[in-house]
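Engineer: Encoded as structure tokens, here's the structure I'll be asking about.
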């Protein structure tokens, strides 16, 4: 069954509100109707050219046609550290860092916010933020 516009917006807003709790210390890089993105608060060298970017990408939420995608980069580097934190959210994990939500009840806010807090600590430990 396709995702209704109302449910798409509900999922997007639920995740966005959880992400907003991380800012500060995180920096909002994008806040539009079709994307909400957080980055670290320390400029860092990035890529093979070591170009300085305003902050290391942390997380974002993007509504799609039949789902809402949530990207969480700290899992890419420390995947095993999050396995116990996301027993329910993990069912929506596609690949290493992308969660695809098709129903509002798939978004477990307590797990999401615990995962985000753990990610903030990881970004501080990696010197991506103060």
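Residue numbers (the working numbering): 133 to 262.
Using N, Cα and C, we set each Cβ at its ideal position, and we do this for glycine too.
This structure is a prediction, so every number in the text was calculated from the model and none was measured.
Which partner residues of residue 200 appear in the DSSP bridge assignment?
Structural biologist: Here the question's residue 200 lines up with position 68 in the chain shown. Beta-bridge pairing links residue 200 to 195 and 233.
Engineer: Applying the 10 Å Cβ sphere with the 16-neighbour rule, what's the burial state of residue 206?
Structural biologist: Counting from 1 along the chain shown, the entry for residue 206 is found at position 74. Answer is buried; the Cβ neighbour count reaches 16.
Engineer: Does DSSP put residue 177 in a helix, in a strand, or in coil?
Structural biologist: Walking along the chain shown from the start, residue 177 turns up at place 45. Looking at residue 177 - three-state DSSP - the assignment turns out to be strand.
Engineer: Closest Cβ-Cβ distance between residue 225 and chain B: below 9 Å?
Structural biologist: The chain labelled as chain B is not found in the depicted structure, where only one protein chain is given.
Engineer: Have a look at 134, 139, 194 and 172 and flag the residue whose alpha-carbon is nearest the alpha-carbon of residue 259.
Structural biologist: Along the chain shown, one-based indexing puts residue 259 at 127. The shortest C-alpha separation from residue 259 is found at 172.
Engineer: Evaluate the contact criterion for the region 180-188 versus the region 211-227: three or more CB pairs, one atom per stretch, below 8 Å.
Structural biologist: No, the region 180-188 does not touch the region 211-227.
Engineer: To the nearest angstrom, how far is the alpha carbon of residue 232 from that of residue 240?
Structural biologist: Here residue 232 corresponds to residue number 100 of the chain shown, with the count starting at 1. Here residue 240 corresponds to residue number 108 of the chain shown, with the count starting at 1. Whole-angstrom Cα-Cα distance: 13 Å.
Engineer: Relative to the alpha-carbon of residue 208, which residue among 230, 170, 160 and 217 has its alpha-carbon at the smallest distance?
Structural biologist: For the purposes of this step, residue 208 is taken as the residue at position 76 of the chain shown. Per the Cα distances, 230.
Engineer: Thinking C-alpha only, which one of 235, 216 and 261 is nearest residue 243?
Structural biologist: Residue numbering aside, residue 243 sits at position 111 when the chain shown is read from its first letter. Checked all of 235, 216 and 261; the closest Cα to residue 243 is 216.
Engineer: Comparing alpha-carbon positions, which option in 177, 254, 195 and 163 lies nearest residue 138?
Structural biologist: As a first step, residue 138 must be located in the chain shown, where it is residue number 6. Answer by Cα proximity: 195.
Engineer: Using the C-alpha atoms, what's the distance from residue 161 back to residue 151?
Structural biologist: Translated into positions along the chain shown, residue 151 becomes position 19. Translated into positions along the chain shown, residue 161 becomes position 29. Those two C-alpha atoms are separated by around 12 Å.
Engineer: Restricting to Cα atoms, I'd like to know which of 250, 143 and 174 is closest to residue 166.
Structural biologist: The sequence position of residue 166 within the chain shown is 34, counting from 1. Out of 250, 143 and 174, 143 has the C-alpha closest to the C-alpha of residue 166.
Engineer: For the beta strand (DSSP E) that residue 218 lies in, which residues bound it at each end?
Structural biologist: Counted from its first residue, the chain shown places residue 218 at position 86. Neither: residue 218 is in no beta strand (DSSP E) and is coded neither H nor E.
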